[in-house]
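Reviewing the structure listed below.
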Amino acid sequence: MPITDPHALAATVRKAVADVTITDIHTHLFPPSHGGLLLWGIDELLTYHYLLAELFIATGQPPKAFYALPKSRQAEMVWDEMFLRRSPVTEAARGVLQVIQSLGLDAGERDLVTLRKAFAGLTARPEEYLERVFTLAGLDYAVMTNDPFVPAEVDAWLANRPVPERLKTALRIDTMVTNWPAAVLKMAAQGHSSSGGGTTQTARKFLAEWVARIKPLYLAASLPDSFRYDGVRATDPNDDNPSNHAADRRHVCEPSRVLDDVILPLARETGLPLALMIGVRRQVNSEFGLAGDGVGATHVASVAALAAKNPDVKFLITTLARGDQHELAVTARKFANLHLFGCWWFCNQSSIIREMTTLRVELLGTAFTANHSDARVLDQLLYKWPTTRKIVADVLTEKYGELFATGWRPTEQEIATDIRRILGGSFEAFVAR
Ligand code: FIX
Ligand code: ZN
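If you read the sequence shown in this note's numbering, its first letter stands for residue -18, the second for the next number, and so on.
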């Protein structure tokens, strides 16, 4: 039935966002059976690298000495400095309190010992806790980041350990795209030596083996802000067009060459989308460790070149700099094989989620994925998703209100369908194309 009252419309939008089941298309979660790789609980929440950067800059705490402390002491220092001595107003600090609240626990006493006991009382079994958190967060499933160049991850997969239905895989290949020499060594360590077929063929065989092993929903890599793509394929000796021999100047290690010669052919053969997360400046401060990565503007023209030169490949794209987002959304309007997703990392802040979601609805309708959690700690799903739900509800209430003002009368079903699209439905439709 068409909704004819503006207040009923707003209430319908908010309820639909509250009720929608969300698909979380990029996380750093792991199966509970994968030997300690899955993180959860209050100490892991407090030592999230977002909060560590905030601690280091607020207190001048020397990172090296901090990282030498046991995790429990690290958590106590973060709690003391960033929650008790300073109000926890940052997105990451407030998020910890949202998780505590979502779990029905009380941080009112502001006592970490009490909180640790409360978390310990929640569950002793991670499988059970994972199910509880996914249910509370309203997710159907989350996509992991599965890296075949990380020994601990390789061991867990080779041991064929159980993976819950709630977790799907993505084959993460940064090392191959951005550090070719290291990839060649790690492939050799897994029995893929580069003699005979040469490193390109060896690399394709290595990746094909991992695709068969973990059955990913997509291939994925993060790329630096310096990434450029010119789409000049590897030289074909019979090609007498000199401009096509520019590839000779590109060393086999260069990311765009690895994409052209290894990754994109694999995407074509398998039909798997390629997720590219662009604009990270790794280790701008290596002393900060995982908290030491920074951001740089993406060369969005390279994203356009990728889509234009590889029309038979589906690209899932997110970039790290707020300043890229308008040009990126306009670029996504030009290519049906581009799908934008998420307010990634330094964009996953309430003010920027709001801005990006408004821009994307205005330019892309529902043909995008509003967010992903990037959760590294299981419980983070209980703040990252409530935050996005609230903002998406605000933005869509405004947008449907504008629609209503034209005399258009949306139905409850249309609203629910639209909302599911931007929170997983459009992703699934794009992947299935
Ligand atoms: O490359 C990535 O997948 C990034 O999301 C991570 O490197 C980053 O540390 C992160 O977790 C951001 O949220
Ligand atoms: Zn990530």
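Glycine included, every Cβ here is placed at the ideal spot set by N, Cα and C.
Proximity to residue i [Cα-Cα], best of the options
| i | options | result |
| --- | --- | --- |
| Thr(-7) | Arg390, Val284, Thr368 | Arg390 |
| Lys186 | Asn160, Leu198, Gly172 | Gly172 |
| Thr71 | Tyr48, Ala39, Pro51 | Ala39 |
| Leu200 | Leu404, Val135, Val294 | Val294 |
| Leu417 | Trp366, Ile396, Arg402, Val373 | Absent from the model: residue 417. The displayed extent of the chain is -18 to 414, so no value can be given. |
| Ser53 | Tyr29, Trp138, Pro(-13), Arg113 | Tyr29 |
| Phe327 | Leu359, His353, Ala(-9) | His353 |
| Leu26 | Ile244, Ala386, Met168, Arg75 | Arg75 |
| Ile259 | Leu271, Ala351, Ala278 | Ala278 |
| Gly252 | Gln361, Ala413, Lys149 | Ala413 |
| Ala(-9) | Ile195, Tyr364, Gln361, Glu393 | Glu393 |
| Phe115 | Asp5, Val131, Ala184, Thr95 | Asp5 |
| Gly323 | Leu404, Ala289, Arg263, Pro292 | Leu404 |
| Leu204 | Gly270, His7, Ile195, Thr156 | Thr156 |
Per-residue DSSP class, three states only, for residue i
| i | result |
| --- | --- |
| Met(-18) | coil |
| Phe322 | strand |
| Val192 | helix |
| Tyr29 | coil |
| Val77 | helix |
| Tyr110 | helix |
| Leu247 | helix |
| Leu96 | helix |
| Leu86 | coil |
| Glu235 | coil |
| Asp305 | helix |
| Asp399 | helix |
| Arg214 | Annotation note: pLDDT 45 at Arg214 (below 50); position unreliable, coordinate value reported separately. Here Arg214 sits in coil by DSSP. |
| Arg185 | helix |
| Val311 | helix |
| Thr116 | helix |
Short Cβ contact (9 Å threshold) for residue i with residue j
| i | j | result |
| --- | --- | --- |
| Gly119 | Asp24 | no |
| Leu321 | Leu255 | no |
| Trp60 | Pro129 | no |
| Leu188 | Ile154 | yes |
| Leu287 | Arg314 | no |
| Val276 | Leu301 | yes |
| Glu62 | Leu36 | yes |
| Arg335 | Asp375 | yes |
| Thr338 | Ser407 | no |
| Pro13 | Arg113 | no |
| Ala99 | Leu86 | yes |
Per DSSP, the bridge partner or partners of residue i
| i | result |
| --- | --- |
| Gly205 | In the sequence on display, residue 205 carries Pro and not Gly. Beta-bridge pairing links Pro205 to Val261. |
| Ala123 | Asp5, Leu148 |
| Ile298 | Leu257, Leu321 |
| Leu240 | In the DSSP output, where bridge partners are listed per residue, Leu240 has none listed. |
| Leu200 | Leu152, Leu255 |
### Task
Let me know the alpha helix (DSSP H) ranges lying completely inside the stretch 328 to 394, each 4 residues or longer, listed in chain order.
331 to 345, 362 to 385
### Message
Which complete alpha helix (DSSP H) runs does the stretch 143 to 172 hold, if anything under 4 residues is left out?
### Response
Qualifying alpha helix (DSSP H) stretches, in chain order: 155 to 159, 161 to 170.
### Message
Quick check for students: name the residue ranges of the alpha helix (DSSP H) that lie wholly in the stretch 261 to 295, counting only runs of 4 or more.
### Response
281 to 290
### Segments assigned beta strand (DSSP E), at least 3 residues, entirely inside the stretch -16 to 22
Qualifying beta strand (DSSP E) stretches, in chain order: 3 to 5.
### Task
Within the stretch 33 to 65, note down every full alpha helix (DSSP H) run reaching 4 residues or more, in order along the chain.
Under the rule that a run must span 4 or more residues, the alpha helix (DSSP H) segments found entirely inside the stretch 33 to 65 read 44 to 48, 52 to 60.
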